[in-house]
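All you need for our numbering is the position in the sequence shown, starting with 1, plus 6. Backbone N, C-alpha and C fix where the C-beta goes; we use that ideal spot for every residue, glycine too. Notes for the one structure printed next.
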Amino acid sequence: MPVANPVNPRKKFSWSVEFDGLDAILVQKLKIPTVSVDSVEHGVANILNKTAGMVKIGDLELTKLKFQNKNESWAWDWLMDSSNQETGQVGLPTDYKKNGYIIHYDSDGESVLEKWQVIGCWPKNIEIDELDKVSSDNMMEKVTLSCDQIVLA
């Protein structure tokens with residue numbers, strides 16, 4: 007019986023994300039969208055058959071730093087392009103949906119292990135960190151993007 011040859015596990019810290027207007031170095035955490043397939047049930051006599059149904063893509067979540075001397079409004083501007091609360095206008099998907107890349111690197115920081123393309127993304131939620139007078143933590147902003155697809159590039 008052959009003996010398994012273990013290799014070093016992948017590390018969580020070596021990655022980047024690319025979207026227009028996003029300073030990728032500021033993103034501290036990223037949750038890659040989940041991919042799931044619905045189960046569709048069909049009955050034949052008294053036997054239940056299950057087949058694959060619709061594919062569902064989860065959300066992409068970016069948690070990024072906020073700075074005192076840098077006003078990064080790309081997420082807010084992008085959200086307003088999709089649905090502007092001030093004017094009540096909803097944008098055209100061709101104008102506000104964007105594609106991006108998530109790149110996972112080897113421990114050398116250069117060799118690409120995996121690269122995912124996220125397609126048809128738009129911000130559906132922006133969450134600013136809570137304020138706390140007794141905390142010295144960094145201020146963070148969480149941007150949740152709805153995505154149509156995620157594919158290995």
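In this structure, how does DSSP classify residue i when only helix, strand and coil are distinguished?
{"i": "residue 36", "result": "strand"}
{"i": "residue 81", "result": "helix"}
{"i": "residue 10", "result": "coil"}
{"i": "residue 44", "result": "strand"}
What is the rounded straight-line gap between the Cα of residue i and the Cα of residue j?
{"i": "residue 80", "j": "residue 28", "result": "7 Å"}
{"i": "residue 86", "j": "residue 139", "result": "31 Å"}
{"i": "residue 15", "j": "residue 68", "result": "24 Å"}
{"i": "residue 118", "j": "residue 112", "result": "6 Å"}
{"i": "residue 1", "j": "residue 54", "result": "Beyond the ends of the chain as shown, which are 7 and 159, falls residue 1; an answer cannot be given."}
{"i": "residue 150", "j": "residue 41", "result": "16 Å"}
{"i": "residue 134", "j": "residue 10", "result": "46 Å"}
{"i": "residue 129", "j": "residue 82", "result": "8 Å"}
{"i": "residue 57", "j": "residue 51", "result": "16 Å"}
{"i": "residue 115", "j": "residue 137", "result": "34 Å"}
{"i": "residue 84", "j": "residue 21", "result": "23 Å"}
{"i": "residue 142", "j": "residue 91", "result": "33 Å"}
{"i": "residue 37", "j": "residue 148", "result": "11 Å"}
Quick check on residue i - is its C-beta less than 7 Å from some C-beta in chain C?
{"i": "residue 17", "result": "Of the protein chains in this structure there is only one, and it is not chain C."}
Here's a check: name, in chain order, each residue in its chain whose Cβ is nearer than 7 Å to the Cβ of residue i, leaving out the five neighbours to either side.
{"i": "residue 144", "result": "71"}
Excluding the five sequence neighbours on either side, which residues of its own chain have a C-beta within less than 8 Å of the C-beta of residue i, listed in chain order?
{"i": "residue 39", "result": "63, 64, 65, 66, 124, 153 and 156"}
{"i": "residue 105", "result": "123, 124, 125, 126 and 127"}
{"i": "residue 30", "result": "22, 23 and 24"}
{"i": "residue 97", "result": "87, 88, 89 and 90"}
{"i": "residue 45", "result": "56, 57, 58 and 59"}
Our contact map puts residue i next to residue j with C-beta atoms below 8 Å; I'd like the distance itself, whole angstroms only.
{"i": "residue 23", "j": "residue 43", "result": "In fact, because the Cβ distance is near 25 Å, the residues do not count as touching under 8 Å."}
Give me the residue from the options with the minimum Cα distance to residue i.
{"i": "residue 120", "options": "146, 127 and 110", "result": "110"}
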